[in-house]
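So the protein lines, in turn, are chains B and C. Numbering follows our numbering, with no gaps: position 47 of the first sequence is 47. Take the position in the second sequence, starting the count at 1, then add 163; the result is the number in our numbering. Every residue gets a Cβ at the ideal spot worked out from N, C-alpha and C, and that includes glycine. Below is one structure, written out as structure tokens; comments come after it.
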Amino acid sequence: MLPDAERLCVALADSLRPGLPPDSALVGIHTGGVWVAERLHAALGLKTPLGRLDVSFYRDDFSRSGLHPQIKSSDIPFEVNDRPIIIVDDVLYTGRTIRAAMNEIFDYGRPARIDLAVLIDRGGRELPVCPRWAAQTLQVEPGRNLQLERSEAGLLTLRLIDA
Amino acid sequence: MRNPQLNKNGGLQHLLTIDGLPREILSTILDTAAPFSEVAEREVKKLPLLRGKSVFNLFFESSTRTRTTFEIAAKRLSADVINLNISTSSTSKGETLLDTVDNLCAMQADMFVVRHASSGAPFLIAQHLAAMGLEHIHVINAGDGRHAHPTQGLLDMYTIRHYKKTFANLVVAIVGDVLHSRVARSQIHALITLGVPEVRVIGPKTLIPTDVDKLGVRVFHDMRAGLKDVDVVMMLRLQNERMQGALLPSPQEFFKYYGLTADKLECARPDAIVMHPGPMNRGVEIDSAVADGPHAVILPQVTFGIAVRMAVMSMLAGG
Numbered sequence: 001m002l003p004d005a006e007r008l009c010v011a012l013a014d015s016l017r018p019g020l021p022p023d024s025a026l027v028g029i030h031t032g033g034v035w036v037a038e039r040l041h042a043a044l045g046l047k048t049p050l051g052r053l054d055v056s057f058y059r060d061d062f063s064r065s066g067l068h069p070q071i072k073s074s075d076i077p078f079e080v081n082d083r084p085i086i087i088v089d090d091v092l093y094t095g096r097t098i099r100a101a102m103n104e105i106f107d108y109g110r111p112a113r114i115d116l117a118v119l120i121d122r123g124g125r126e127l128p129v130c131p132r133w134a135a136q137t138l139q140v141e142p143g144r145n146l147q148l149e150r151s152e153a154g155l156l157t158l159r160l161i162d163a
Numbered sequence: 164m165r166n167p168q169l170n171k172n173g174g175l176q177h178l179l180t181i182d183g184l185p186r187e188i189l190s191t192i193l194d195t196a197a198p199f200s201e202v203a204e205r206e207v208k209k210l211p212l213l214r215g216k217s218v219f220n221l222f223f224e225s226s227t228r229t230r231t232t233f234e235i236a237a238k239r240l241s242a243d244v245i246n247l248n249i250s251t252s253s254t255s256k257g258e259t260l261l262d263t264v265d266n267l268c269a270m271q272a273d274m275f276v277v278r279h280a281s282s283g284a285p286f287l288i289a290q291h292l293a294a295m296g297l298e299h300i301h302v303i304n305a306g307d308g309r310h311a312h313p314t315q316g317l318l319d320m321y322t323i324r325h326y327k328k329t330f331a332n333l334v335v336a337i338v339g340d341v342l343h344s345r346v347a348r349s350q351i352h353a354l355i356t357l358g359v360p361e362v363r364v365i366g367p368k369t370l371i372p373t374d375v376d377k378l379g380v381r382v383f384h385d386m387r388a389g390l391k392d393v394d395v396v397m398m399l400r401l402q403n404e405r406m407q408g409a410l411l412p413s414p415q416e417f418f419k420y421y422g423l424t425a426d427k428l429e430c431a432r433p434d435a436i437v438m439h440p441g442p443m444n445r446g447v448e449i450d451s452a453v454a455d456g457p458h459a460v461i462l463p464q465v466t467f468g469i470a471v472r473m474a475v476m477s478m479l480a481g482g
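Shown next, in the form of structure tokens:
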């Protein structure tokens, strides 16, 4: 039985709220991370507009697997220099996506700091990446993908599929 | 036989011509170019995709815009770019094209961007690389003779899609020296593959290939009739350097009948866009008032060209 993604979003927002600097910016990673970031942005009432990253251009497996066929434009609609940034993703696994996201953010400027908030930490890290906030940790066997899906009505759910 | 531009998985191996490429690949290139165009807005205008790769610009024919935008595209992808000025190099000492290529392969080339006065030269290089088992080296045609200039055709399609959103229901006119133009050939193949319902070519009989209608275009010799209600006007450069014999009485007379003036442009739709691949001959194929006027999207074409070339290079390098 997988946890309820909507509840996890609420829990994640609650854990971010205390002591959040008012000029903080959220940056969601396409596609699931953007959905979660949209939830957090509304729940936290942040003034800074939401950023969105497609890390395809920074992935470390480009020379092996090439470009993803449907790349979205990254959009960072705020000044990055000296700003506290929170990267938001749905599922944290190897940490390679987060490495790519950090590299991309630094091409926009030098943030004051970067934190990481995720719905699920499924373990299996291959890089020294640790989330500051994870709504839940969950053991998922290697070879299976845990992914966030959004229904037509906009409802978020988690699903386990064979990789 | 497999399309020599595609690898065994159906992905792009080389970009030699638009002729024969499926619509899905053209659309993927245009879709992929869009996020690359955003990179120009960043503090660091660089992506790591081609880091450590060597891109050789092999220009056997002079070019400023194309060579420069290829160079910028490769550099924004973090590649090392080596520009070979062929007129002062070994070729002028008698080295053959393929010997030049072999030598550059021995210098660990990863990609060749080739412009050559002879149609088919980039294809010859691609074929040679395959015969040598060097399938990891990619070739991009940056204009070969009268044959093709595929990245120009693609950046033109990107420009049209940017301003017109879709290719369905468009009427597009290509105007001028179609006979000598590799750009026109690439444009025609791309427009038809992407589903533009009406493609016209406009020019004097001496500068329109006799069987061009077999490609699915309508031929007009009267410019006003040809421009009637068009959405997109694609001007071509009058290729003085390729003219042999008396194809034209004079540039002045060409301008009178086929030069794009504000007056002739009034035959097109009020929201028509005017494109030109450059370099422009002002007062020959296009009047300054139009080239600098509100319908012209000639400078955005140049900017979009960088993103399109970044997309093509990345798709090739990524297999």
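Next item on the list: Can you give me, in chain order, the residues of the stretch 421-435 of chain C that have a beta carbon less than 9 Å from any beta carbon in chain B?
Entry: none
Item checked: For I445 (chain C), the first and last residue of its enclosing beta strand (DSSP E) -> For the purposes of this step, residue 445 (chain C) is identified with residue 282 of the second sequence, where counting begins at 1. Position check: residue 445 (chain C) holds Arg in this sequence, whereas Ile was assumed. Counting along the chain, R445 (chain C) falls outside any beta strand (DSSP E), and DSSP gives it neither H nor E.
Note to self: Distance cutoff 8 Å, beta carbons only. Does D54 (chain B) sit that close to anything in chain C?
What the structure shows: One-based indexing of the first sequence puts residue 54 (chain B) at position 54. Cβ-Cβ to chain C under 8 Å: yes for D54 (chain B).
Next item on the list: Apply the 10 Å Cβ neighbour rule to G183 (chain C) and answer buried if 16 or more other Cβ atoms are within range, or exposed otherwise.
Entry: Translated into the one-based positions of the second sequence, residue 183 (chain C) becomes position 20. Exposed is the call here.
Check: Does any CB atom of chain C fall closer than 8 Å to the CB of I71 (chain B)?
Finding: Taking the first sequence and counting its residues from 1, the one referred to as residue 71 (chain B) is at position 71. Yes, I71 (chain B) counts as interfacial toward chain C.
Next item on the list: Name, going along the chain, the residues of the stretch 56-68 of chain B whose beta-carbon falls closer than 7 Å to a beta-carbon of chain C.
Entry: F57, Y58, F62, G66 and L67
Notebook entry, point to check: Would you call I120 (chain B) buried or exposed, if buried means 16 or more other Cβ atoms sit within 10 Å of its Cβ?
Noted result: One-based indexing of the first sequence puts residue 120 (chain B) at position 120. Counting Cβ neighbours within 10 Å, I120 (chain B) comes out buried, since at least 16 surround it.
Check: Does any residue of chain B bring its CB to less than 8 Å from the CB of D194 (chain C)?
Finding: Locating residue 194 (chain C) in the second sequence gives position 31, where the first residue counts as 1. Yes, its Cβ sits closer than 8 Å to a Cβ of chain B.
Checklist line | Test: G51 (chain B) CB closer than 8 Å to a CB of chain C | finding: Numbered from its first residue, the first sequence carries residue 51 (chain B) at position 51. So, not an interface residue.
Check: Buried or exposed: which applies to K216 (chain C), given that a residue is buried once 16 or more other Cβ atoms fall within 10 Å of its Cβ?
Finding: Within the second sequence, residue 216 (chain C) is the residue found at index 53, counting from 1. It counts as buried.
Notebook entry, point to check: Who are H279 (chain C)'s beta bridge partners in DSSP?
Noted result: Numbered from its first residue, the second sequence carries residue 279 (chain C) at position 116. Note: H279 (chain C) sits in a beta bridge opposite C:D307.
Margin query: Quick check: the stretch 454-468 of chain C against the stretch 318-326 of chain C, are at least 3 beta-carbon pairs closer than 8 Å?
Written below: Taking 8 Å as the limit for Cβ pairs, the verdict is that the stretch 454-468 of chain C does touch the stretch 318-326 of chain C.
Next item on the list: Could you pull out every residue in the same chain whose Cβ sits closer than 6 Å to the Cβ of D243 (chain C), ignoring the five residues on either side in sequence?
Entry: Along the second sequence, read from residue 1 onward, the residue named residue 243 (chain C) stands at position 80. Cβ within range, chain order: S217.
Note to self: 8 Å is my cut-off, CB to CB: does P167 (chain C) come that close to chain B?
What the structure shows: Residue 167 (chain C) sits at position 4 when you count from the first residue of the second sequence. So, not an interface residue.
Check: Quick one: complete alpha helix (DSSP H) runs, 4+ long, within the stretch 406-441 of chain C?
Finding: 414-421 and 425-428
Check: Can you tell me whether DSSP reads F199 (chain C) as helix, strand or coil?
Finding: By one-based count along the second sequence, residue 199 (chain C) stands at place 36. It is helical.
Next item on the list: Alpha carbon to alpha carbon, how far is L333 (chain C) from K427 (chain C)? Give it in angstroms, no decimals.
Entry: Start at 1 with the first residue of the second sequence, and residue 427 (chain C) comes out as number 264. Start at 1 with the first residue of the second sequence, and residue 333 (chain C) comes out as number 170. Distance from the CA of K427 (chain C) to the CA of L333 (chain C), rounded to the nearest whole angstrom, comes to 19 Å.
Margin query: Per the DSSP calculation, M274 (chain C) is bridged to which residue(s)?
Written below: The residue labelled residue 274 (chain C) in the question sits at position 111 within the second sequence. DSSP output for M274 (chain C) lists C:V218 and C:H301 as bridge partner(s).
Check: Taking buried to mean at least 16 other C-beta atoms within 10 Å of its own C-beta, is E152 (chain B) buried or exposed?
Finding: As a first step, residue 152 (chain B) is located in the first sequence; it is residue number 152 there, counting from the start. Flag for E152 (chain B) reads exposed.
Next item on the list: Report, in whole angstroms, the separation of the C-beta atoms of L40 (chain B) and L26 (chain B), which I expect to be a contact under 8 Å.
Entry: Position 40 of the first sequence, counted from the first residue, corresponds to residue 40 (chain B). Position 26 of the first sequence, counted from the first residue, corresponds to residue 26 (chain B). Indeed, because the Cβ distance is near 6 Å, the residues count as touching under 8 Å.
Check: How about T48 (chain B) and D23 (chain B): do their beta carbons lie closer than 8 Å?
Finding: Residue mapping note: residue 48 (chain B) aligns to position 48 of the first sequence, counting from 1. Residue mapping note: residue 23 (chain B) aligns to position 23 of the first sequence, counting from 1. Yes. Within cutoff.
Notebook entry, point to check: What separation, rounded to the nearest whole angstrom, lies between the Cα atoms of L20 (chain B) and H299 (chain C)?
Noted result: The residue labelled residue 20 (chain B) in the question sits at position 20 within the first sequence. The residue labelled residue 299 (chain C) in the question sits at position 136 within the second sequence. Cα to Cα, L20 (chain B) sits roughly 49 Å from H299 (chain C).
Next item on the list: On the DSSP bridge assignment, give the partners of W133 (chain B) in chain order.
Entry: Against the first sequence, residue 133 (chain B) aligns to sequence position 133. The partner list for W133 (chain B) (beta bridge, DSSP) reads B:A117.
Next item on the list: Could you tell me whether the Cβ of G28 (chain B) comes closer than 8 Å to any Cβ of chain C?
Entry: Translated into the one-based positions of the first sequence, residue 28 (chain B) becomes position 28. By this cut-off, G28 (chain B) is not an interface position.
Checklist line | Coil, strand or helix - P84 (chain B) by DSSP | finding: Locating residue 84 (chain B) in the first sequence gives position 84, where the first residue counts as 1. Note: P84 (chain B) maps to strand in three-state DSSP.
Margin query: Could you compute how far the alpha carbon of P367 (chain C) sits from the alpha carbon of N403 (chain C)?
Written below: Taking the first residue of the second sequence as position 1, residue 367 (chain C) is located at position 204. Taking the first residue of the second sequence as position 1, residue 403 (chain C) is located at position 240. Distance between the alpha carbons of P367 (chain C) and N403 (chain C): 15 Å.
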